[in-house]
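> Below: one structure in structure tokens.
There are 2 protein chains.
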Amino acid sequence: MRCAVGIDFGTESARALLVDCADGRELGVAVHAYEHGVIDERLPMPDDHVTLGTDWALQDPLDYVRALQHTVPRLLDETGVAPADVVGIGIDFTSCTMLPALADGTPLCAVDELRREPHAWVKLWKHHAAQPEADRINAVAEARGEPWLARYGGRYSAEWFFSKALQILDESPETYARADRLLEAADWIVWQLTGVETRNMCTAGYKAMWSEESGFPDEAFFAALDPRFARVVDEKMSRTLLPLGSRAGRLCARAAAWTGLEPGTPVATANVDAHVSVPAVGVVEPGRFVAIMGTSTCDILAGRELAHVPGMCGVVADGALPGLYAYEAGQSAVGDIFAWFVDSVGTPHDVLGNRAAALRPGESGLLALDWWNGNRSVLVDGDLRGLLVGMSLATRPHEIYRALIEATAFGTRVIVDAFERGGVPVEDVVACGGLPDRNPLLMQIYADVLGRSISVAGSAQAPALGAAMFGAVVAGEHASIVDASRAMAPPMREVYRPDPEAVAVYARLYREYLRLHDLFGRDPDSVMKRLNDVRREQRELRPEAARD
Amino acid sequence: MRCAVGIDFGTESARALLVDCADGRELGVAVHAYEHGVIDERLPMPDDHVTLGTDWALQDPLDYVRALQHTVPRLLDETGVAPADVVGIGIDFTSCTMLPALADGTPLCAVDELRREPHAWVKLWKHHAAQPEADRINAVAEARGEPWLARYGGRYSAEWFFSKALQILDESPETYARADRLLEAADWIVWQLTGVETRNMCTAGYKAMWSEESGFPDEAFFAALDPRFARVVDEKMSRTLLPLGSRAGRLCARAAAWTGLEPGTPVATANVDAHVSVPAVGVVEPGRFVAIMGTSTCDILAGRELAHVPGMCGVVADGALPGLYAYEAGQSAVGDIFAWFVDSVGTPHDVLGNRAAALRPGESGLLALDWWNGNRSVLVDGDLRGLLVGMSLATRPHEIYRALIEATAFGTRVIVDAFERGGVPVEDVVACGGLPDRNPLLMQIYADVLGRSISVAGSAQAPALGAAMFGAVVAGEHASIVDASRAMAPPMREVYRPDPEAVAVYARLYREYLRLHDLFGRDPDSVMKRLNDVRREQRELRPEAARD
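Chains Y and W, in that order, are what the protein sequence lines are. Going by my numbering, the letters in the first sequence line up with residues 1 to 548, in that order. Going by my numbering, the letters in the second sequence line up with residues 549 to 1096, in that order.
Right under this line is the structure:
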């Protein structure tokens, strides 16, 4: 037997999966929660004295190494698979999760005198404190007519690489100066595994303004942001980028000791959790909309042509599958909204879900806008907020719960419609992630709202499986990720087919959703904007309230 | 000591109050819950077989008599006041609460062979099953250009007298034929007390199309509704109407035996709970807006001139105070909305209220439309529904709770503004009812939203006190209800003064409330209407769901 290990570095934990390279059979899995998890209040120091600002979210890079040390040996132990039978290793990571490091790969936060400096730590994907830098980047890019901006739906996010890098420079120039390297945590962990620094095309394309045709933006652009930032790419990054599916290197002795695997085992180039899921769910063709549904939703759609679709997060050639453009889009809150509601009413998901399943579409008279965490879809506006309309004294919590599910489905339909109108065809929908397994009501509503069949992926751990597939590819077990996917992706677990009667009702409700969507989302003087203005002013006036 | 008894017949119970006629001092109170309460599922029969339709709400008139038998003797017993010292009796009632009776006052539902006929029972004010009849009345009145329609803000309600009477004729013509009399329960209970049938001007004016200048509508109008309805006034009602403050009669022997009071004690003409509260809270002048705040809110405002104010429920000369027009307006759900939310989230009022009190106006970013039970204010549209906007993942239940309170305050401001624009000045606001006592946060928010001081009435049982004042007037203890009010109304308990900073913030939020109000409330193609269409159709398709 020839096996591959895929390691998925998530937000709260890492998960290592051991699979058979021949057929993708899952031999074992091991999960390890990060010791320090998401660091968003204070640095994990004995004295607890370094507190973080609003919207900060950091991680400790040593947690990633500890995850390797815990999961892989356990996997070998529990499965009884011999290290020699593990022929390839792949990883995927959240993104953009980035850190500053010394030239030898030492994270700055591991340097004694920098340990109390928040900017020396890993900035997690959901670190949202770089909004001023993102605003500056967008303003400068628009003013200069930067061509790359269109590839990001016209807006560069506060979550992305240069927003975060520029925040370090703005707020802690000495930390910026100490950073020999600025890199994605995905590339950093591959560096730890191989002992050699490499960079991947995927994160460069989606998060760092890079494209195969044009490379990175000019120095003049970076200089316009800050003269000290002019040479950020050449000083602290790399113009050498490896395509997905290529070998980053071989397992170094140190990492072999951490994991119990054989030194020299091939390690695949770093990848991103959403993108690595595409082959894992068996999608290797254009036109299949892959929705990775969890607390938020990330959608990946491959197309043959390059198009600029409003609201897409990014498009990268070979970004998920070779020879195809991979478009990324998403919704900034999905499962998070349901969890919010469950917390608010104190009734468990399954109780609400069972009652909600007995309702007919539209029967509650309720309709919601799913913007509890802004809108990162076609409106690209983090200031938007949720809305619920249609309540009567007879309205019950399970009716609201269903309306919230429906709202997120309408939000997905807006994205699907935008791709189709933008010239990127959508043939069918494949769902994976945490939500589809647990929530048949949700899947049926999505099928009815989208008017399309939705297949639920066979693997409950798509990212780790996808990472293992890339491990199998660099081991030479498959000629390409497409071949690996065909051999190793499990069959779809289930297909939800639209019910024509429900489709007709939801088509009417979707028209009303769109009316509200445009009314509140496109009017620069919308009620939501004015409420936000008041909210911000009033929070400013409250001395103790720092969080927003 | 010379005392008066006031008996307030509410929705669930009756409350008798004994007061000193000289100064209004409250000597004792006795409450009795109706045996059958609100009858809205099945008639109270041993076999349980007569079930009621959607939106029905009945009462048993014998419950009212039993309430007299229980409360007044207990009051005398507990206070030790001698029956001879009780010199006058007044009552007030919910309205329009009406019933069919025989010529001798026997309620039809007390006639053996009619007991299983739902139309033979009392139709409670919140019986909402006569909407088709109300629609017909409005259509016919508009087509005929009936002049009285303007006095009701342009719309006659399904809750009112002729809607309910016409429903009896429509659905049970034999019951209609058996009814020698159709009358308000207020007048019926006075009949039981005095042995003589009388009718009061107040309910005739607010609920039965009557005015002092024009009397009832023509027979031709009633004939246009149904030829058998042409002579309803002359056949089953009365054109002799007594003004408020007049004596309806004297306590008859039978009622004296029920109550333990002296036969011959003067009994005041029947009155309505909201209207009788005006003198009880010490308001005897025009321009003082009295808000009776409970599950819903009823507002009474006296003015010197007759004006047609959009959204008012009705205006009647001498309807609350002699020599003044009394305008009635209201909000169809206030406390009910807060109770709905408390039920939904399972957190008690006081916990939510304490947390909500710590918020600054506008700090939550939330805004609501208070239409959980439609809008009976300027929009006069029962199909409207609630709306909440501004939710984020950080939104907490107490923030929503506060937004709901604020929404009802904005709803009150719409009414106050409509009166002022319509030429009926509002000088200040006096609040009474169940809500003001229990909820200082609510009162402060109302003061800040209205930008006016709000006085909270001194008596926690304003309707019963007002009824007792009318008892004192017919006893000759005071020359008029104005004099009685000056002598007997307790001083205001508390005054809430607007905080200028909060007033400024709420002025901004009120502008946004008005934008939503007009957007959803005035557009005949509004999203709320379309949602209602879908809701109704889908509920029709569900066989077991009769309720709406």
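A virtual CB, placed ideally from N, CA and C, is assigned to each residue, including glycine. All figures in this text were calculated on a predicted structure; none of them were measured in a lab.
On the three-pair Cβ rule with 8 Å, is the region 498-509 of chain Y touching the region 446-460 of chain Y?
The region 498-509 of chain Y is in contact with the region 446-460 of chain Y.
> Asp518(Y) by DSSP, collapsed to three states: which one?
Counting from 1 along the first sequence, the entry for residue 518(Y) is found at position 518. Helix.
> Examine chain B for any beta-carbon lying closer than 9 Å to the beta-carbon of Ile885(W), and answer yes or no.
Structure shown: chain B not included; protein chains present are Y and W.
> Anyone know if the C-beta pair for Val553(W) and Val634(W) falls short of 9 Å?
On the second sequence, position 5 is the one that residue 553(W) refers to. On the second sequence, position 86 is the one that residue 634(W) refers to. Contact: yes.
> DSSP beta-bridge partners for Gly922(W)?
Walking along the second sequence from the start, residue 922(W) turns up at place 374. In the DSSP output, where bridge partners are listed per residue, Gly922(W) has Trp920(W).
> My assumption, with CB atoms under 8 Å, is that Ala407(Y) sits in contact with Asn373(Y). Please give the rounded CB distance.
Within the first sequence, residue 407(Y) is the residue found at index 407, counting from 1. Within the first sequence, residue 373(Y) is the residue found at index 373, counting from 1. Actually they are not in contact, since the Cβ atoms of Ala407(Y) and Asn373(Y) sit about 13 Å apart, beyond 8 Å.
> For Ser157(Y), would you say it is in contact with chain W, using Cβ-to-Cβ distances shorter than 9 Å as the test?
Within the first sequence, the letter at position 157 stands for residue 157(Y). No, Ser157(Y) lies away from the interface with chain W (no Cβ there is under 9 Å from its Cβ).
> Does any residue of chain W bring its CB to less than 9 Å from the CB of Phe549(Y)?
Residue 549(Y) falls outside the range modelled here, since chain Y spans only 1 to 548, and no answer is possible.
> Taking 8 Å as the limit between beta carbons, can you name the residues of its chain near Cys551(W), skipping five residues before and five after?
Residue numbering aside, residue 551(W) sits at position 3 when the second sequence is read from its first letter. Cβ neighbours of Cys551(W) beyond the five flanking positions: Leu566, Val567, Asp568, Cys569, Leu575, Val629, Asp633, Val634, Val635.
> Relative to chain Y, which residues along the region 983-1014 of chain W have a C-beta separation below 7 Å, given in chain order?
Going along the region 983-1014 of chain W in chain order, one finds no residue with a Cβ nearer than 7 Å to chain Y.
> By Cβ distance below 7 Å, which residues in the same chain neighbour His478(Y) in space, the five residues on each side in sequence not counted?
Position 478 of the first sequence, counted from the first residue, corresponds to residue 478(Y). For His478(Y), where only same-chain residues beyond five positions count, the Cβ hits under 7 Å are Ala472, Ala484, Ala487.
> Rounded to the nearest angstrom, what separates Leu1062(W) and Gly390(Y) at their Cα positions?
As a first step, residue 1062(W) is located in the second sequence; it is residue number 514 there, counting from the start. As a first step, residue 390(Y) is located in the first sequence; it is residue number 390 there, counting from the start. Roughly 18 Å between the two C-alpha positions.
> Residues of the region 380-405 of chain Y in Cβ contact with chain W at a cutoff of 9 Å, in chain order, please.
Correct list: Arg385, Gly386, Leu387, Leu388, Val389, Gly390, Met391, Ser392, Leu393, Ala394, Thr395, Arg396, Pro397, Ile400.
> Spell out the partners DSSP gives Met939(W) in its beta bridges.
Translated into positions along the second sequence, residue 939(W) becomes position 391. Looking at the DSSP assignment, Met939(W) forms a beta bridge with Gly386(Y).
> What's the C-alpha gap between Asp548(Y) and Gly386(Y)?
Taking the first residue of the first sequence as position 1, residue 548(Y) is located at position 548. Taking the first residue of the first sequence as position 1, residue 386(Y) is located at position 386. No answer about Asp548(Y) holds up, because its pLDDT of 39 lies below 50 and its placement is not dependable.
> Considering just the uninterrupted stretch of the beta strand (DSSP E) at Ser794(W), what are its terminal residues?
Locating residue 794(W) in the second sequence gives position 246, where the first residue counts as 1. Element bounds for Ser794(W): n/a, residue is neither H nor E.
> Could you tell me the distance, in whole angstroms, from the CA atom of Arg144(Y) to the CA atom of Arg231(Y)?
Your numbering for residue 144(Y) matches position 144 in the first sequence. Your numbering for residue 231(Y) matches position 231 in the first sequence. Taking the straight line from one Cα to the other gives about 18 Å.
> Under the rule that 16 or more other beta-carbon atoms within 10 Å means buried, what is Asn987(W), buried or exposed?
Along the second sequence, one-based indexing puts residue 987(W) at 439. It is buried - the Cβ of Asn987(W) has at least 16 other Cβ atoms within 10 Å.
> Check Cys313(Y) in the structure and name its three-state DSSP category.
Locating residue 313(Y) in the first sequence gives position 313, where the first residue counts as 1. Coil.
> On a Cα-Cα basis, can you pick out the residue from Val345(Y), Asp381(Y), Gly422(Y) that is closest to His398(Y)?
Locating residue 398(Y) in the first sequence gives position 398, counting from the first residue. Closest option to His398(Y), Cα to Cα, is Val345(Y).
> Please work out which residues of its chain come closer than 8 Å, Cβ to Cβ, to Leu907(W), disregarding the five sequence neighbours upstream and downstream, and give them in chain order.
Counting from one through the second sequence, the residue named residue 907(W) turns up at place 359. For Leu907(W), where only same-chain residues beyond five positions count, the Cβ hits under 8 Å are His946, Glu947, Arg950.
> For Met1040(W), report the span of its alpha helix (DSSP H) as first-last.
For the purposes of this step, residue 1040(W) is taken as the residue at position 492 of the second sequence. From DSSP, Met1040(W) is part of no alpha helix (DSSP H); its letter is neither H nor E.
> Pro648(W) and Arg703(W) - do their beta-carbons sit closer together than 9 Å?
One-based indexing of the second sequence puts residue 703(W) at position 155. One-based indexing of the second sequence puts residue 648(W) at position 100. Result no, Cβ atoms of Arg703(W) and Pro648(W) do not sit closer than 9 Å.
> Checking contacts by CB at 9 Å: is Ala545(Y) closer than that to chain W?
Counted from its first residue, the first sequence places residue 545(Y) at position 545. Its pLDDT being 45, under 50, Ala545(Y) is placed unreliably in this model, and the value from its coordinates should be taken loosely. Yes, its Cβ sits closer than 9 Å to a Cβ of chain W.
> Buried or exposed: where does Gly285(Y) fall if 16 or more other Cβ atoms within 10 Å of its Cβ makes it buried?
Taking the first sequence and counting its residues from 1, one reaches residue 285(Y) at position 285. It is Glu, not Gly, that sits at residue 285(Y) in the sequence shown. The residue is exposed, with fewer than 16 neighbouring Cβ atoms inside 10 Å.
> How far does the beta strand (DSSP E) with Met98(Y) in it reach, from first residue to last?
Indexing the first sequence from 1 puts residue 98(Y) at position 98. That run of the beta strand (DSSP E) goes 98-101.
> For Gly37(Y), which residues in chain W fall below 7 Å Cβ to Cβ?
Here residue 37(Y) is taken as the residue at index 37 of the first sequence, counted from 1. Residues of chain W passing the Cβ test: none, with the nearest at roughly 18 Å.
> Counting only C-beta atoms, is Ser561(W) closer than 9 Å to chain Y at any point?
Within the second sequence, the letter at position 13 stands for residue 561(W). Not an interface residue.
> For Gly601(W) and Glu589(W), I'd like the C-alpha separation in whole angstroms.
If you number the second sequence from 1, residue 601(W) lands on position 53. If you number the second sequence from 1, residue 589(W) lands on position 41. For Gly601(W) and Glu589(W), the distance between alpha carbons rounds to 8 Å.
> Work out the CA separation of Gly330(Y) and Val414(Y) for me, nearest whole Å.
Sequence index remark: in the first sequence, residue 414(Y) carries index 414 (1-based). Sequence index remark: in the first sequence, residue 330(Y) carries index 330 (1-based). Distance between the alpha carbons of Val414(Y) and Gly330(Y) is about 11 Å.
> Output the distance between the C-alpha atoms of Gly384(Y) and Val534(Y), rounded to the nearest integer angstrom.
Here residue 384(Y) is taken as the residue at index 384 of the first sequence, counted from 1. Here residue 534(Y) is taken as the residue at index 534 of the first sequence, counted from 1. First, the residue type needs correcting, since residue 384(Y) is Leu and not Gly in the sequence shown. Between Leu384(Y) and Val534(Y), the C-alpha separation is close to 14 Å.
> Within 10 Å of its beta-carbon, does Leu541(Y) have 16 or more other beta-carbons around it, so buried, or fewer, so exposed?
For the purposes of this step, residue 541(Y) is taken as residue 541 along the first sequence, with counting starting at 1. Burial call: exposed.
> Would you say Met1036(W) faces chain Y, with C-beta separation under 9 Å as the test?
Locating residue 1036(W) in the second sequence gives position 488, where the first residue counts as 1. No, because no Cβ of chain Y sits closer than 9 Å to the Cβ of Met1036(W).
> Should Glu549(Y) be labelled buried (16 or more other beta-carbon atoms within 10 Å of its own) or exposed?
The requested residue 549(Y) is not part of the displayed model; chain Y covers only 1 to 548.
> Would Val527(Y) pass as an interface residue toward chain W - the criterion being a Cβ-Cβ separation below 9 Å?
The residue labelled residue 527(Y) in the question sits at position 527 within the first sequence. Val527(Y) counts as touching chain W.
> Report yes or no: is there a C-beta of chain Y within less than 9 Å of the C-beta of Asn686(W)?
To locate residue 686(W), count along the second sequence from 1; it is residue 138. Chain Y contact via Cβ: absent.
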